[in-house]
Amino acid sequence: MIQPPVYYPFFDSIKETKRRLIEAPLQKVGNSYRIDFAAFEAKIIEEKVKLFILCSPHNPVGRVWQEEELHQLLAICQKHEVVVIADEIHRELILGDQQFVSAITVAQRLGIEKLIILDSPSKTFNLAGLLLSHVWIPDLEMRTTYHAWCRQYKQTEVNCFGLTAAKAAYESGDQWLADLLSVVATNEQMIRQQLQEAFPKIELLPLEGTYLLWVDLRQVIAKERTKHVIQDTAGLAVDYGEWFAKDGQGLIRLNLATTPTIIQQALDRMIEAIKKEERHDD
Ligand SMILES: Cc1ncc(COP(=O)(O)O)c(C=O)c1O
Numbered sequence: 002m003i004q005p006p007v008y009y010p011f012f013d014s015i016k017e018t019k020r021r022l023i024e025a026p027l028q029k030v031g032n033s034y035r036i037d038f039a040a041f042e043a044k045i046i047e048e049k050v051k052l053f054i055l056c057s058p059h060n061p062v063g064r065v066w067q068e069e070e071l072h073q074l075l076a077i078c079q080k081h082e083v084v085v086i087a088d089e090i091h092r093e094l095i096l097g098d099q100q101f102v103s104a105i106t107v108a109q110r111l112g113i114e115k116l117i118i119l120d121s122p123s124k125t126f127n128l129a130g131l132l133l134s135h136v137w138i139p140d141l142e143m144r145t146t147y148h149a150w151c152r153q154y155k156q157t158e159v160n161c162f163g164l165t166a167a168k169a170a171y172e173s174g175d176q177w178l179a180d181l182l183s184v185v186a187t188n189e190q191m192i193r194q195q196l197q198e199a200f201p202k203i204e205l206l207p208l209e210g211t212y213l214l215w216v217d218l219r220q221v222i223a224k225e226r227t228k229h230v231i232q233d234t235a236g237l238a239v240d241y242g243e244w245f246a247k248d249g250q251g252l253i254r255l256n257l258a259t260t261p262t263i264i265q266q267a268l269d270r271m272i273e274a275i276k277k278e279e280r281h282d283d
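Right, here's the structure in full:
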């Protein structure tokens, strides 16, 4: 089970391993996304769910799940013996006031051992090319099974450059990370200010965590025209809402992990393209 709108490879990983894909969509309440705990539990019971993939912080909606939310979520999973995989790759990318809490902290309090945490320095420290990630599995039996599976696919080696880079990043990357977060915050501010001023009806979701901004364009352009406007007219490569959820057309995900200069270029092009589309509509 997954919680759309969510990072689209989650859908693929379930389909490609020939599992049944169950969706417990996040609920939009006002200008933010929440977990509908009753619907989440009902889906588990109804569909006999065995495994839940949590995205924390959540890509693309930018939520940093709070301890109470995680507690409630994990307690439901524990009650119904659902194994949790928590993808925490965005854990260091916290922009708002909320503190990141790992699912492993909450699981320990609840006495849950059957839990898998996925993490990597690849997002925070821009090391994706060095192919290194880590998996934490507290339960010995589960860990042994995982190791056996890895051996079968000869996946036991890590890239030594990746290992060295990860060590350097975690041991001495604090300042770099602080600078990165400040650039992302500047980029976010620029986008909010300029987009909102040009088109007050564009909805920009709060960015508590990740460097990915979830933007709803449906009040300003027809949702079927989104790709035409953003890709063909503005010449921008963004991620489209329908990749993250069935009903996501008309939303886009903007990646803010770049320089303010590039963000300004993207903004100029986007604003011009949307204005052109509005004129075309008239
Ligand atoms: C939630 C989440 N998990 C995993 C990944 C993939 O990370 P990597 O590029 O290190 O494979 C991403 C990348 O966008 C992500 O957002």
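As numbered in our numbering, residues 2 to 283 make up the sequence shown, in order.
By construction, the Cβ of each residue, glycine as well, lies at the ideal position given by its N, Cα and C atoms.
query                                                                                                                    : result
Spatial neighbours of residue 72 in its chain, beta-carbon cut-off 8 Å, leaving aside the 5 residues before and after    : 107, 110 and 111
Through-space distance from residue 175 to residue 204, alpha-carbon basis                                               : 32 Å
Opening and closing residue of the alpha helix (DSSP H) in which residue 98 lies                                         : That residue, residue 98, is in no alpha helix (DSSP H); it is neither H nor E in DSSP.
Residue 162 classed as buried or exposed, judged by whether at least 16 other C-beta atoms fall within 10 angstroms      : exposed
Nonlocal neighbours in the same chain, by C-beta distance under 6 Å from residue 166, ignoring five residues either side : 128 and 131
Inter-residue Cα distance where the pair is residue 218 and residue 158                                                  : 44 Å
Residues near residue 84 by beta carbon distance below 6 Å, same chain, minus five either side                           : 52 and 115
Continuous beta strand (DSSP E) stretch holding residue 53: start and end                                                : 52-56
Cβ neighbours of residue 278 in the same chain (closer than 6 Å, five flanking residues each side left out)              : 222 and 230
CB contact check: residue 153 to chain C, cutoff 7 Å                                                                     : The structure shown contains no chain C; it holds only a single protein chain.
For residue 234 and residue 265, the rounded distance between their alpha carbons                                        : 16 Å
Touching by the beta-carbon criterion (3+ pairs, under 8 Å), the stretch 141-159 and the stretch 172-190                 : no
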